[in-house]
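What follows is a single structure, written as structure tokens, with notes after it.
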Amino acid sequence: MGYCLSGVYKGKIKQPWKIVFGVDVDVLYKGYCVNFKKSKLKSIFMNFEIPLIDSGKLNILFEADKPTFILGANGTGKSSLIYSIFRKFPEVNIISAHRANWLDQESISLGGSSKEQYESWIRGSLMNDNARWSEHHYLDKPKINLINLIDSEHERARKITDLVDKDLFDEVKILKSEPSIVNKINELFRSCNLGIEINVASNSQINAIKNDHVYSVSKMSDGERNALLIASNVLLTKLDSLVIIDEPERHLHHSITIPFINNLIKLRPDLKFIISTHDIGFAQSFDDSQFILLNSCNYIDQYSIVWDAQLLSSENLSNLEHISRNILGSRKKIIFIEGENNSLDLPIYSLIFPKVSIIPKVSCKEVMQNVRGIKSAEFLHWLNVYGIIDRDGREDSECEKLKDENIFCLKQYSIESIYYHPFLQKKVYFKKVELEGEDGIHNPESYIDELLEIFTQHKVRLCNRLIEKTVRNQFESQIPTQQIISTQNNYDISINLQEIRINEENLFNRSIGDKDITQLLSRYPIRETPLLDFVRKKLGFQTKSKYENTVIQILKRDDEALEFVREYFRDLIEKIDV
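Okay, so the sequence shown: first residue is 1 according to the working numbering, each after it adds one.
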């Protein structure tokens, strides 16, 4: 059986590959390993050996589906390791921590030299041994980045034009089905609630658009421009390359760092990512990852270095004390929340608790386990950990007990109840009218009766969901203890379903009769009804996500709105003194 390798790196391979036959076929070349199964590319990873102080070597595999985080205190050799990795592999894109992000003029140009010349000069300078502390052409890097972005838009437009000229309309549809780099960047910005969009103007300049205000890329805020430069740099990286991002938290606002990097990685599943960071909470927020922990380093001479290093998996929490002491050096505040990196929870909690590391967990059980586990570990005593979980029909008494463990229940059923609270609906309405006028946009007070009708139509299911939660909570609270199990032969659990049902239905009917929309929105799982779609249509939004992004933008700019939301978390805010 033969295997053709010419398509993997487009014929650039000039030296023999070592081929190892087994169940699959492993092809090794200068640290690369390409695994083939049934003549199809299965995975590509890169191998790197870190020389250790004890004369051994630490073998690291950089894989496309597993980001690698380099962790360590100042002086442990993080930058030296990054540049050692950079020099090892031919296809590496490095985004350094000490980069320039400003533009010295609105027009993006490189003078008389070509972009290719500058790219060659920059790569050559990065290969020097002094690259980690001395950068050349630092003002040209952001320009080259943006020129590449403009070129990608022009190339796409030329391809579409060429296909149209040849009447190849099916191919045009295929090409247009893949979003452009600019569209991917804008979608990334939306997913992080960054509040801006970019476009490439007819004069080949990049503009930013914010609240219908158009301005040049040179006038973007530092945070906006950094997000643009990092995103375009990664998205334009060659296929199957290694990307090194050095301390992204230095250049991105704390509230967007986790969702921004997480969603950016998802946009390039072919790339291998190495991320150097001081933020343990940021590193731990990635579910499937590995950590290179650097404890110290020794310089053998001006050019050679060895490390005291270890490799940890994301599941390995036993070394958390060691990691935290090395990186943090002081007490750290962490809130575990119920949700995922791309859920509604993360952006709103990042605004409410701007100086706290927010770590999403899939379920309330995981939130509880993490808070209880860290609090019970004496060696983690310097970590201040808290949890926020959905209320999910829990009784006040249960919420009070959980609060004693630093686990706080939402006052609402779930986070959607906050996003769609009548107060925030009104804030969105006034902002929408201010920007677009009243045409097609309805005041929330005008559709209260229609909201009540939606609740009434779904009464049985909504009540049953609360009844189900109440029954489950009562059952779990009556589970026999070990003492009861060891001393009694029979144990009965009795739950009065009729009483629970009558109480819930009476509460629902009373809320409908009082037109208490706030109570209904807060108590019941509104995402299981058409209500969210109904509200966004009434307020003139094409999708729920656009409405929800608008809520986040309002919270960023409107102190009254943010304080309104923060009030729901007053107990937790006072406890952690945010």
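We put the beta carbon where it would ideally sit given N, CA and C, even for glycine.
Taking only the alpha-carbon atoms, compute the straight-line gap between residue i and residue j and give it to the nearest angstrom.
i: Val182; j: Gln553; result: 21 Å
i: Lys544; j: Asp287; result: 27 Å
i: Leu462; j: Tyr524; result: 6 Å
i: Gln284; j: Ile500; result: 41 Å
i: Asp390; j: Gly339; result: 9 Å
i: Lys40; j: Ser177; result: Residue confidence for Lys40 is low, a pLDDT of 37 falling below 50, so the modelled location carries little weight; the figure read from the coordinates is stated next. Cα to Cα, the separation comes out at about 24 Å.
i: Ser84; j: Ile95; result: 14 Å
i: Ile196; j: Arg190; result: 8 Å
i: Ile230; j: Ile335; result: 27 Å
i: Asp279; j: Leu194; result: 21 Å
i: Asp559; j: His421; result: 17 Å
i: Arg394; j: Ile388; result: 13 Å
i: Val590; j: Ile198; result: Any question about residue 590 goes unanswered here, given that the chain covers just 1 to 578.
i: Phe430; j: Ser397; result: 39 Å
i: Thr456; j: Ile512; result: 8 Å
i: Phe567; j: Ile358; result: The question names Phe, yet the displayed sequence has Glu at residue 567. When rounded, the distance between both Cα atoms is 19 Å.
i: Glu153; j: Val200; result: 8 Å
i: Ile305; j: Ser79; result: 11 Å
i: Ile53; j: Ile60; result: 16 Å
i: Ile333; j: Ile573; result: It should be noted that the sequence gives Lys, not Ile, for residue 333. Taking the straight line joining both Cα atoms gives about 12 Å.
i: Ile502; j: Ala561; result: 36 Å
i: Phe48; j: Phe62; result: 8 Å
i: Leu146; j: Val565; result: 38 Å
i: Gly373; j: Asp404; result: 15 Å
i: Asp65; j: Leu351; result: 30 Å
i: Val214; j: Lys469; result: 49 Å
i: Gln519; j: Asn473; result: 21 Å
i: Glu597; j: Phe408; result: No answer is possible for residue 597: it lies beyond the span of the chain, which begins at 1 and ends at 578.
Just curious, the alpha helix (DSSP H) that residue i is in, first and last residue?
i: Glu247; result: Where Glu247 is concerned, there is no enclosing alpha helix (DSSP H), given that its DSSP letter is neither H nor E.
i: Thr257; result: 254-267
i: Glu574; result: 570-576
i: Ile485; result: 482-487
i: Pro360; result: Premise fails: Pro360 lies in the beta strand (DSSP E), 357-361, not in any alpha helix (DSSP H).
i: Thr543; result: It is not in any alpha helix (DSSP H) - Thr543 carries neither H nor E in the DSSP assignment.
i: Val371; result: 364-376
i: Asn464; result: 459-477
i: Thr529; result: Looking at the DSSP string, Thr529 is not in any alpha helix (DSSP H), and its letter there is neither H nor E.
i: Asn506; result: 497-513
i: Ser80; result: 78-88
i: Gly281; result: 280-284
i: Asp345; result: 345-352
In terms of residues, what are the limits of the beta strand (DSSP E) holding residue i?
i: Leu235; result: Where Leu235 is concerned, there is no enclosing beta strand (DSSP E), although the alpha helix (DSSP H) it sits in stretches over 222-235.
i: Val200; result: 197-200
So is residue i buried or exposed if we call it buried at 16+ other beta carbons inside 10 Å?
i: Phe21; result: With a pLDDT of 37 at Phe21, under the threshold of 50, the predicted position of this residue should be treated as unreliable, and no value is reported.
i: Pro269; result: exposed
i: Asp246; result: buried
i: Asn509; result: exposed
i: Asn406; result: buried
i: Tyr447; result: buried
i: Glu563; result: exposed
i: Asn514; result: First, the amino acid is wrong: residue 514 is Asp here, not Asn. Looking at its Cβ environment, which holds fewer than 16 other Cβ atoms inside 10 Å, Asp514 is exposed.
i: Phe260; result: buried
i: Pro530; result: exposed
i: Lys57; result: exposed
i: Ala157; result: exposed
i: Asn464; result: exposed
i: Asn211; result: exposed
i: Phe475; result: exposed
i: Gln412; result: buried
i: Glu548; result: buried
i: Asn262; result: buried
i: Pro347; result: buried
Taking DSSP's pairing of strands, which residues face residue i in a bridge?
i: Phe291; result: Phe69, Leu312
i: Ile185; result: Answer is none; Ile185 lacks a bridge partner.
i: Leu383; result: Lys332
i: Ser296; result: Asp308
i: Phe273; result: Val243
i: Glu338; result: Lys361
i: Tyr215; result: Ala208
i: Ile51; result: One detail in the question is off: residue 51 reads as Pro in this sequence, not Ile. Lys57, per the DSSP bridge assignment.
i: Ile95; result: Ile245
Is the shortest distance between the beta-carbon of residue i and the beta-carbons of chain B less than 8 Å?
i: Gln412; result: Structure shown: chain B not included; a single protein chain is present.
In chain order, each alpha helix (DSSP H) run of at least 4 residues that lies wholly inside the stretch 389-449 | 396-403, 416-419, 422-436
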